[in-house]
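Colleague: Numbering follows the UniProt record's numbering, with no gaps: position 100 of the sequence shown is 100. Beta carbons are placed, not taken as given, at the ideal position from N, Cα and C, and that holds for glycine. Source: prediction; values computed, not measured.
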Amino acid sequence: MALMPVSDALAAVLAGAEPQPEEMVVLDQAFHRVLARDVAARRTQPPEAMSAMDGYAVRASDAATIDSQLTVIGEVAAGRPFAGSVGTGEAVRIFTGGVVPAGADAVVIQEDTVADGKRITIKEAALPGRHIRRAGVDFAEGDVLLRKGTRLTDRDLALAAAMNHPQLPVRRRPKVAILATGDELVMPGSAPGPGQIVYSNGYALHALARQEGADTIDLGVAADTLDATTSGIRRARESGADILITTGGASVGDHDLVQQALKAEGIAMSFWKIAMRPGKPMMHGRIGAMRVIGLPGNPVSSYVCAFLFMVPLIRALSGRSVIHHRRERAVLGRDVGANDVREDYLRARLELRDDGTPIVLPVNHQDSSLLANLAAAQALLVRAPFAPKAEAGTPCEVLLLPV
Ligand SMILES: Nc1nc2c(c(=O)[nH]1)N[C@H]1C(S)=C(S)[C@@H](COP(=O)(O)OP(=O)(O)OC[C@H]3O[C@@H](n4cnc5c(N)ncnc54)[C@H](O)[C@@H]3O)O[C@H]1N2
Ligand code: MOO
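Structural data, given as structure tokens:
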């Protein structure tokens with residue numbers, strides 16, 4: 001198969017990706033979940049005119065001049081409205097959040113009054129509407145304030161509560177199973193023997209998938225045999241995974257068995273090999289309803305491909321309205337050479353110029369095994385296939401890496 005352009009590969013990965021079924025969750029469980037439906041306010045907020053200050057509810061016309069005197073006929077506090085109404089020459093003691101009593105159309109803050117028993121003297125002229133939050137100034141019953149496809153923020157949860165929703169309709173989290181392959185891999189903290197490599201890819205992949213709202217299943221490391229690899233794939237299916245991510249064994253070496261194992265398990269392959277760097281040997285297909293992304297083993301290739309393909313897929317399955325990474329505009333901080341047929345995603349640091357323009361500094365060594373570079377990078381500089389060489393100062397596009 002020929003190398004597939006990145007945009008075609010992404011379209012293939014996202015083809016037919018429908019949002020997961022809906023479920024109701026209580027607000028405490030709803031942080032970062034994706035709304036399955038538009039949500040409208042169940043009440044008007046505030047439901048009635050309320051005082052924004054501690055002071056006295058008055059008729060503005062009675063308190064329009066300094067030294068006017070009023071009689072305090074009662075009190076209203078938050079949650080305890082005053083039953084009567086404020087007549088001429090009268091005032092009601094009121095506290096922040098208290099319902100403005102009938103008849104009153106202004107609040108005079110207590111600092112602007114002198115109190116003497118039931119009498120107050122006005123020291124600052126009242127203005128109609130002053131210090132009063134009118135009914136519905138925040139929102140009205142029926143207002144749609146939270147939209148389907150939104151990933152709920154901390155503020156959204158407070159808003160949903162104020163809208164009087166104890167629970168929200170969200171999308172079920174996609175399940176992502178992650179299977180590493182490679183005889184050479186040993187766990188962090190062990191004493192690697194000759195030629196052994198410490199397993200690292202899965203840590204970034206699990207974290208990235210979870211950060212995007214997926215549940216992850218760890219299928220461990222399969223040895224480089226067809227049996228071990230097919231058994232890992234089968235376990236992914238049995239676990240009900242929506243997405244299987246494999247890492248390693250994607251290339252053409254004698255021990256790269258992932259594609260063979262996927263075929264033995266009946267995969268409908270959609271592509272193998274993309275015109276991108278890093279990540280050329282990535283593959284994609286489906287086994288039944290399970291979507292499979294076969295990531296390369298090199299740690300940077302594995303992460304960059306997951307970032308570019310797994311993340312939008314998780315977002316699409318989660319029903320998010322925005323699924324694509326945003327390309328930010330920036331300026332090259334150093335010269336870069338001409339590109340070849342593969343779209344390049346160069347690890348880069350970002351610096352802000354004095355005027356706020358982000359300057360992109362691609363790291364010197366872009367070999368796809370170099371994790372220290374990846375961890376230090378804040379962005380990926382995107383270089384289109386056959387982009388000509390470009391000098392420092394040229395506008396460019398970057399993808400920001402998660403923080
Ligand atoms: N003749 C060719 N050789 C290679 C080609 C090619 O086109 N022709 N492509 C190269 C490219 S590009 C990549 S990327 C790699 C990807 O190969 P694999 O997906 O088969 O990866 P492995 O061989 O299994 O591993 C590569 C490297 O990464 C280490 N690794 C693997 N898994 C993990 C893990 N979970 N944690 C940490 N490190 C891992 C592994 O030990 C190897 O060192 O192929 C090129 N070759
Ligand atoms: O995909 Mo490979 O990353 O070019 O090493």
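Candidates 380, 80, 157 and 289: which alpha carbon is nearest residue 276's?
Modeller: For the purposes of this step, residue 276 is taken as the residue at position 276 of the sequence shown. When only C-alpha atoms are compared, the closest one is 380.
Colleague: Would you say the beta carbon of residue 296 is closer than 6 Å to some non-hydrogen atom of ligand 1?
Modeller: By one-based count along the sequence shown, residue 296 stands at place 296. Relative to ligand 1, residue 296 has its C-beta within less than 6 Å of a heavy atom.
Colleague: Do the stretch 226-245 and the stretch 277-297 meet, that is, are 3 or more Cβ pairs less than 8 Å apart?
Modeller: yes
Colleague: Less than 6 Å between C-beta atoms, sequence neighbours within five positions excluded: which residues of the same chain meet that for residue 49?
Modeller: Taking the first residue of the sequence shown as position 1, residue 49 is located at position 49. Excluding positions up to five away in sequence, the list reads 100, 132, 134 and 135.
Colleague: Skipping 5 residues on each side, what residues in its chain have a beta carbon closer than 6 Å to that of residue 177?
Modeller: As a position in the sequence shown, residue 177 is number 177, starting the count at 1. Sequence-distant partners of residue 177 (beyond 5 residues in either direction) whose C-beta falls short of 6 Å from its own C-beta, in its chain, are 217, 219, 236, 239, 241 and 244.
Colleague: Residue 175 by DSSP, collapsed to three states: which one?
Modeller: On the sequence shown, position 175 is the one that residue 175 refers to. Strand, per DSSP.
Colleague: Assign residue 59 to buried or exposed, taking buried as 16 or more other Cβ atoms, counted over all protein chains shown, within 10 Å of its Cβ.
Modeller: Locating residue 59 in the sequence shown gives position 59, counting from the first residue. It is buried - the Cβ of residue 59 has at least 16 other Cβ atoms within 10 Å.
Colleague: Does ligand 3 have even one heavy atom less than 6 Å from the beta-carbon of residue 148?
Modeller: By its list of ligands, the structure shown excludes ligand 3, since it contains just ligand 1 and ligand 2.
Colleague: Between residue 66 and the rest of its own chain, which residues show a CB-CB distance below 8 Å, the 5 nearest in sequence each way excluded?
Modeller: Indexing the sequence shown from 1 puts residue 66 at position 66. Excluding residues within five positions, the ones whose Cβ falls inside 8 Å are 122, 123, 124 and 125.
Colleague: If we count the other Cβ atoms within 10 Å of its Cβ and call it buried at 16 or more, is residue 20 buried or exposed?
Modeller: Here residue 20 is taken as the residue at index 20 of the sequence shown, counted from 1. Buried, since its Cβ has 16 or more Cβ neighbours within 10 Å.
Colleague: If you follow the alpha helix (DSSP H) that residue 8 is part of, which residue opens it and which one closes it?
Modeller: The residue given as residue 8 occupies position 8 in the sequence shown. 6-14 is the span of the alpha helix (DSSP H), which, as asked, contains residue 8.
Colleague: Quick check for students: name the residue ranges of the beta strand (DSSP E) that lie wholly in the stretch 150-236, counting only runs of 3 or more.
Modeller: For the stretch 150-236, whole beta strand (DSSP E) runs of length 3 or above, ordered along the chain, are 167-171, 175-181 and 215-222.
Colleague: Can residue 108 and residue 212 be called in contact, C-beta distance under 7 Å?
Modeller: Taking the first residue of the sequence shown as 1, we reach residue 108 at position 108. Taking the first residue of the sequence shown as 1, we reach residue 212 at position 212. For the pair residue 108 and residue 212, the CB atoms are not nearer than the 7 Å cut-off.
Colleague: What residue range does the beta strand (DSSP E) around residue 125 cover?
Modeller: Translated into positions along the sequence shown, residue 125 becomes position 125. Per DSSP, residue 125 belongs to no beta strand (DSSP E) and is neither H nor E.
Colleague: Since residue 399 contacts residue 327 with CB under 8 Å, what's their CB separation in whole angstroms?
Modeller: As a first step, residue 399 must be located in the sequence shown, where it is residue number 399. As a first step, residue 327 must be located in the sequence shown, where it is residue number 327. Sure, about 6 Å apart at Cβ, within 8 Å.
Colleague: Taking 8 Å as the threshold, find out whether the stretch 338-349 comes into contact with the stretch 359-369 through three or more Cβ pairs.
Modeller: yes
Colleague: Please return the same chain residues whose Cβ sits closer than 6 Å to the Cβ of residue 342, not counting the five positions on each side in sequence.
Modeller: Within the sequence shown, numbered from 1, the residue matching residue 342 stands at position 342. Excluding sequence neighbours, residue 342 sits near 275, 276 and 277.
Colleague: Pull the bridge partners of residue 71 from the DSSP assignment, please.
Modeller: Within the sequence shown, residue 71 is the residue found at index 71, counting from 1. DSSP output for residue 71 lists 90 and 119 as bridge partner(s).
Colleague: The alpha helix (DSSP H) spanning residue 312 covers which residue range?
Modeller: For the purposes of this step, residue 312 is identified with residue 312 of the sequence shown, where counting begins at 1. According to the DSSP assignment, residue 312 belongs to the alpha helix (DSSP H) that extends over 311-317.
Colleague: Could you give the DSSP three-state label for residue 23: helix, strand or coil?
Modeller: Within the sequence shown, numbered from 1, the residue matching residue 23 stands at position 23. Residue 23 falls in the strand class under three-state DSSP.
Colleague: Taking the beta carbon of residue 165 as the centre, do at least 16 other beta carbons fall within 10 Å, making it buried, or is it exposed?
Modeller: Your numbering for residue 165 matches position 165 in the sequence shown. It counts as buried.
Colleague: Compare the Cα-Cα distances from residue 152 to each of 374, 340, 385 and 321 and report the closest residue.
Modeller: On the sequence shown, residue 152 is found 152 positions in, with the first residue counted as 1. The shortest C-alpha separation from residue 152 is found at 321.
Colleague: Check residue 390 in the structure and name its three-state DSSP category.
Modeller: Working through the sequence shown from its first residue, we reach residue 390 at position 390. Three-state DSSP puts residue 390 in a strand.
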